[in-house]
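**Q**
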Amino acid sequence: MKRLPHGRPSDGAPADAAGELCGRGEETALLDELLAQARDGTGGALVLWGEPGVGKSALLRYVHDRAADFVRLSHSATRPEADLAHAGLHGLLRPVTDRIESPTTARAAALRAALGEGGGPVGRLAVGAAVLSLLCELAERQPVLVVVDDGQWLDEATGLCLGIVARRARAHPVVVVLADHSDPVTRPWQGLAAVRVDALTDESARRLLATAAPLADEATVRKMMRETGGNPLALHELAALGGDFDETEYHRQGRSPRVGPRLRRAFRAAIEALSPPARLLTVLAAAEEHGDRLTVQRAGRASGAGDAAWDEVADAGLLRVVGDRVLFRHPVVSRAVYEGCGGAARRQAHRVLAATMPDGAEERAWHLAAMAPDRDENVARLLERTADRSRIRGGTETAARSLWRAAELSPAPIDASRRLAGAARAFWDAGCAATAERLLDDAERLAPGPHIARRSGGLRGVIEFTRGRPEVAHHYLTTDMNHVSDPGAVLELGTLALRAAWSAGRGDLQDGALELLRELDVDGRTVSPGTPAWWRGDGPADATPAAMCAADEADVRARATIPPLLPPAPLGLAWGIDGPMGDVLRRRIPHLRRRDDPPRLAVALAQAAMLDNVAGRWAEAESSAVEGLRLARDMGADHIASHCRTSLGWLAAARGDERTVAEATARSLETSLPQGVRALSAAAHWSRGMASLFHERPEEALDSLMRLTEPGHGAEHPTFALLAALDTTEAAVRLGRHDLADERVRALEAWARRTGAPWARLAGYVTRALVGGAGAEDAFRAALDVPGARSHPLLHARAQLLYGEWLRRGRRRIDARVQIGGAIEVFDRLGAEPLHRRARREQDLTGPPGGRGSPGTGATHRLTAQEERVARLAAERLTNREIAVQLRISHRTVGHHLGNVFAKLGINTRTELNCVDACPEPP
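Here you go:
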């Protein structure tokens, strides 16, 4: 039997945007080949087989449509007619019954008898020969196509007849194509060429969804592909709902989403075709969920399903046994079987499974819950104990489903509310944010009270924070600190309240949260006295910068065991503890992945992305930000998603990708400004200002950066104003706004004295040099000599570039080339394209005239005759007007020519023409 290589070709229903079947290249090629052979006088047959909904019918429609020049006979078998002899033949030949000769011929007599139009019993071989003879007669004028769908429901007589025809059709232009659920090896058409139609590849599923659900976002597409297993019919039915497969219901059941009515009917029909023991065995496997062969086997034997039933379900392609596992091809098949079998069969399966398990088995509680007709506190308690054990093992989603079902079975509203709150927290920890929020709302409606905060660990404030509503979050977080009993959870709520206040730019709210945290004891340790300094920016006045930096680094490393105490990445950077913070996060991220803790992982990735940006690890930063953004989107955590976008926006600004900067900052601002998240708004304006400054648009840059210090503006934020102070100062100096530049210099220098942060000391020296004065060079040199300054490579390279530009303007070309060359090397390694271009341009201006293509080295050939005359006279120290008189041109034209000369020779002043070999007198 001919088979295609085992794989998962895509389905062809519907066609893609080009009108072609999605990914069915091999199958359609075989069908087209059959039709082409028939047109040349040679017949053939093909059996398409596979599970319900996989796309066999679409292929039959394809071949039917491609055979417009054929006599087309088609029939779709149905289960009610499966026991009626020749019912399928009757439906198939009905369009050509007028071609049957008079009843006197043997062929006509056999056909009419088979079709129930008279005559006595007739042999099956005679009927098959008569049908073949009729088709061959029809094929004498034009080829014939016979198409039969749902062959598993064909009556036995028709099936044998078509087998006879298909095996003998090759000598005539007759094509027979049949579709069946089962492998043809066990069917009447054994020996015919067959193609197994499998499910979609991911690529083909995407193509199908692009047509069936064009408005679905990437997260929805991924979920639809994952939950349907590539079954085309399941994808279609899910797409018809806009991808809304009720994720909350999915989390409650712990199964694939509910299947659509067509797929459910298809599998119900497949189950009903089995014997009662095989039918029960299939439902037992679907209800057991874990694929434990021994459990299903024990339950089957207790119900009379023995080896014969196992063989039957295996032959039907519904189940397969691999070692100790009983497997469906994909969870969507299990779900279709479970839903298609009916409520009575499901309850019977759960009853049998529960009876075979010991009293203490966790699965037994679930089976008892599944068969419970009404509320039952005893079963609810069993499920709650199951949830506790699951949480200990790290099975947060299993625990969440157990608590949810326990709440549904709880007779008392207070118990149901308490269990719903616990389920909400477990779902949140598992990364199912929408479900967690819905359950928390249900718990509060059912029986409001402090028990909700206690059982959920203060989840309401956490949700508000991730939604990007910092002031509302602060209220809930600080309130629930009084209701939560676990000290670790209280610490997490308090530090999150600090973050919320910092995000909102509300120092008064920060002070309130700090007061609650001061005396908190966690595992015998009080919150570090340094924490208020981090958050309030009031480091000890008598501490030296070196002592502050060393103390902070040691403090950060000590707090690695209490991650909530770490400040947000921008604040950590401002304090100069970004190095140890990055080390802590890089150790924590793999741990969170192993724990499968999406909420905390997304936060850690967003933090790490910013720290990697400033540390010059741009590939790692981009990877972390993209992964964090994906997790945040999946959870609906807008606040975390915006943090990831700000890191991507900053990176795009440094790389010169202004389109990405515009997109990322626009997305952040559309949520952060209305919700009052000043930190995110400030980060967006900083990225915009950087992008404009690096593309040498200082006025536009200053307009964005001024928002960081503008009283009352939604982007006003002291931390980001400090981090962006160098950019603000550079833009202000270029525009002659020395008052603003001086203000930023003073702020940076004060912060550098307070914290000793390497970046702040470097930026403070550079801004002092930019505003000018006698000490500019000393300031530049001091900036480059700051210990640890090279750990911020972009900032250090910018200092080199600015120093090189200052040296070049002072005509110290050799010294300038050294600084600019170092900057170019770093910009090139990082991929900071706009700064790299600027540095290259400066480098071109720093070489000696002869080294840059002066007339003495052959550069004069690039000057026009008139430019050479102007250059020669200028080298003799004639003024523009004097040159104009001699050459009889205007002095403006002289200025134009001199500009071209300077550009071509790479010089900046007339005096540099003296260093160039005398220009020859043009002819």
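In our numbering, the protein residues as written are 124 to 1046. From the three backbone atoms N, C-alpha and C, an ideal C-beta is built for every residue, glycine too.
Put valine 107 into one of helix, strand or coil per three-state DSSP.
**A** Nothing can be reported for residue 107: it is not among the residues displayed for the chain, which extend from 124 to 1046.
**Q** Could you check if proline 218 is buried or exposed, using at least 16 other CB atoms within 10 Å of its CB as the buried criterion?
**A** Translated into positions along the sequence shown, residue 218 becomes position 95. Under this definition proline 218 is an exposed residue.
**Q** Less than 7 Å between C-beta atoms, sequence neighbours within five positions excluded: which residues of the same chain meet that for serine 827?
**A** Working through the sequence shown from its first residue, we reach residue 827 at position 704. Only His808, Arg811, Gly812 and Ser815 meet the Cβ criterion.
**Q** Report the option in Pro834, Ala906, Pro910 and Ser914 whose CA atom is closest to the CA atom of tyrosine 926.
**A** Translated into the one-based positions of the sequence shown, residue 926 becomes position 803. The option with the nearest alpha carbon to tyrosine 926 is Ala906.
**Q** For the 8 Å Cβ check, are there 3 or more pairs between the stretch 788 to 800 and the stretch 748 to 758?
**A** Counting Cβ pairs under 8 Å, fewer than three are found: no touch.
**Q** Do proline 821 and leucine 846 have their CB atoms nearer than 7 Å?
**A** Mapped onto the sequence shown, residue 821 falls at position 698. Mapped onto the sequence shown, residue 846 falls at position 723. Result no, Cβ atoms of proline 821 and leucine 846 do not sit closer than 7 Å.
**Q** Looking at C-alpha atoms only, which residue of Pro721, Ala955 and His836 is the closest neighbour of alanine 775?
**A** In the sequence shown, the residue the question calls residue 775 occupies position 652. Per the Cα distances, Ala955.
**Q** Please return the same chain residues whose Cβ sits closer than 7 Å to the Cβ of aspartate 325, not counting the five positions on each side in sequence.
**A** Here residue 325 refers to the residue found at position 202 when the sequence shown is read from its first residue. Here the set comprises Met348.
**Q** Based on the DSSP secondary-structure assignment, which residues constitute the bridge partners of histidine 172?
**A** For the purposes of this step, residue 172 is identified with residue 49 of the sequence shown, where counting begins at 1. In the sequence on display, residue 172 carries tryptophan and not histidine. Paired residue(s): Asp303 and Arg319.
**Q** So the alpha helix (DSSP H) histidine 198 belongs to, where does it begin and stop?
**A** In the sequence shown, residue 198 corresponds to position 75, counting from 1. Counting along the chain, histidine 198 falls outside any alpha helix (DSSP H), though it belongs to the beta strand (DSSP E) covering 194 to 199.
**Q** From the DSSP output, which residues share a beta bridge with glycine 167?
**A** For the purposes of this step, residue 167 is identified with residue 44 of the sequence shown, where counting begins at 1. Beta-bridge pairing links glycine 167 to Val298.
**Q** For the alpha helix (DSSP H) that aspartate 720 lies in, which residues bound it at each end?
**A** The sequence position of residue 720 within the sequence shown is 597, counting from 1. Element bounds for aspartate 720: n/a, residue is neither H nor E.
**Q** Spatial neighbours of leucine 863 within its chain, please: C-beta separation below 6 Å, excluding the five flanking residues on both sides.
**A** Translated into positions along the sequence shown, residue 863 becomes position 740. Once the five neighbours on either side are set aside, the close Cβ partners of leucine 863 are Ala855.
**Q** Could you tell me the alpha carbon to alpha carbon distance between alanine 1009 and histidine 1019, rounded to whole angstroms?
**A** Position 886 of the sequence shown, counting from 1, holds the residue named residue 1009. Position 896 of the sequence shown, counting from 1, holds the residue named residue 1019. Checking the sequence, you will find glutamine at residue 1009 rather than alanine. Rounded to the nearest angstrom, the two C-alpha atoms are 16 Å apart.
**Q** Can you tell me whether leucine 632 is buried or exposed? The criterion is at least 16 other CB atoms within 10 Å of its CB, across all chains shown.
**A** Position 509 of the sequence shown holds residue 632. The residue in question, leucine 632, is buried, as its Cβ has 16 or more Cβ neighbours within 10 Å.
**Q** How would you write the range of the beta strand (DSSP E) that leucine 268 sits in, first residue to last?
**A** Numbered from 1 along the sequence shown, position 145 holds the residue referred to as residue 268. 267 to 272 is the extent of the beta strand (DSSP E) around leucine 268.
**Q** Please return the same chain residues whose Cβ sits closer than 7 Å to the Cβ of glycine 739, not counting the five positions on each side in sequence.
**A** By one-based count along the sequence shown, residue 739 stands at place 616. Closer than 7 Å at Cβ, skipping near neighbours: Pro916, Leu917 and Leu953.
**Q** Go ahead and label serine 540 buried or exposed: buried means 16 or more other beta carbons lie within 10 angstroms of its beta carbon, across all protein chains shown.
**A** The residue you call residue 540 lines up with position 417 of the sequence shown. Result: buried.
**Q** Please tell me whether arginine 195 and proline 266 are closer than 7 Å, where the distance is taken between their beta carbons.
**A** In the sequence shown, the residue the question calls residue 195 occupies position 72. In the sequence shown, the residue the question calls residue 266 occupies position 143. No, they are not a contact pair.
**Q** Can we say the stretch 314 to 330 touches the stretch 172 to 181, given the rule of at least three CB pairs closer than 8 Å?
**A** Output reads yes: the stretch 172 to 181 touches the stretch 314 to 330.
**Q** Taking only three categories from DSSP, how would you classify leucine 846?
**A** Locating residue 846 in the sequence shown gives position 723, where the first residue counts as 1. Correct three-state label for leucine 846: helix.
**Q** Indicate the three-state DSSP secondary structure (helix, strand or coil) for aspartate 908 in the structure shown.
**A** For the purposes of this step, residue 908 is identified with residue 785 of the sequence shown, where counting begins at 1. Looking at aspartate 908 - three-state DSSP - the assignment turns out to be coil, as it is neither helix nor strand.
**Q** In angstroms, rounded to a whole number, what distance separates the CA positions of isoleucine 223 and alanine 432?
**A** Residue numbering aside, residue 223 sits at position 100 when the sequence shown is read from its first letter. Residue numbering aside, residue 432 sits at position 309 when the sequence shown is read from its first letter. One C-alpha to the other measures close to 45 Å.
**Q** Just to confirm the assignment, what range does the alpha helix (DSSP H) spanning glutamine 923 have?
**A** Your numbering for residue 923 matches position 800 in the sequence shown. Residues 916 to 932.
**Q** Within the stretch 794 to 818, note down every full alpha helix (DSSP H) run reaching 4 residues or more, in order along the chain.
**A** You should have 801 to 817.
**Q** On the DSSP bridge assignment, give the partners of valine 707 in chain order.
**A** Counted from its first residue, the sequence shown places residue 707 at position 584. None, per the DSSP bridge assignment.
**Q** Considering only residues of the same chain and omitting the five flanking positions on each side of arginine 936, which have a CB-CB separation below 6 Å?
**A** By one-based count along the sequence shown, residue 936 stands at place 813. The answer, listed in chain order, is Thr969.
**Q** Is the CB-CB distance between histidine 606 and alanine 624 below 7 Å?
**A** For the purposes of this step, residue 606 is taken as the residue at position 483 of the sequence shown. For the purposes of this step, residue 624 is taken as the residue at position 501 of the sequence shown. For histidine 606 and alanine 624, no; Cβs fall outside 7 Å.
**Q** Are at least three pairs of beta-carbons, each pair with one atom in the stretch 301 to 316 and one in the stretch 269 to 287, less than 8 Å apart?
**A** Contact holds: three or more Cβ-Cβ distances are below 8 Å.
**Q** Would you kindly work out how many angstroms separate the C-alpha atoms of leucine 407 and arginine 235, rounded to a whole number?
**A** As a working note, residue 407 is residue 284 in the sequence shown. As a working note, residue 235 is residue 112 in the sequence shown. Roughly 46 Å separates the two Cα atoms.
**Q** Report the partner residues of valine 1024 according to the DSSP bridge assignment.
**A** Here residue 1024 is taken as the residue at index 901 of the sequence shown, counted from 1. Valine 1024 pairs with nothing; no bridge assigned.
**Q** With 16 as the cutoff for other CB atoms within 10 Å, does valine 993 come out buried or exposed?
**A** Stepping through the sequence shown from its first residue, residue 993 is reached at position 870. The residue in question, valine 993, is buried, as its Cβ has 16 or more Cβ neighbours within 10 Å.
**Q** Just tell me which of Ile712, Gly779, Val800 and Arg717 has its CA closest to the CA of alanine 748.
**A** Taking the sequence shown and counting its residues from 1, the one referred to as residue 748 is at position 625. Out of Ile712, Gly779, Val800 and Arg717, Ile712 has the C-alpha closest to the C-alpha of alanine 748.
**Q** Apart from the five residues on each side of it in sequence, which residues of its chain come closer than 8 Å, Cβ to Cβ, to leucine 532?
**A** On the sequence shown, residue 532 is found 409 positions in, with the first residue counted as 1. Taken in chain order, the residues that qualify are Ala492, Ala495, Arg498, Asp499, Glu500, Val502, Ala503 and Leu506.
**Q** Closest to phenylalanine 690 by CA distance: which of Glu823, Val245, His762 and Gly617 is it?
**A** Numbered from 1 along the sequence shown, position 567 holds the residue referred to as residue 690. The sequence shown places proline at residue 690, not phenylalanine. Answer by Cα proximity: Gly617.
**Q** Whole angstroms is fine: what's the gap from glutamate 928's alpha carbon to alanine 920's?
**A** For this step, residue 928 is matched to residue 805 along the sequence shown. For this step, residue 920 is matched to residue 797 along the sequence shown. Rounded to the nearest angstrom, the two C-alpha atoms are 12 Å apart.
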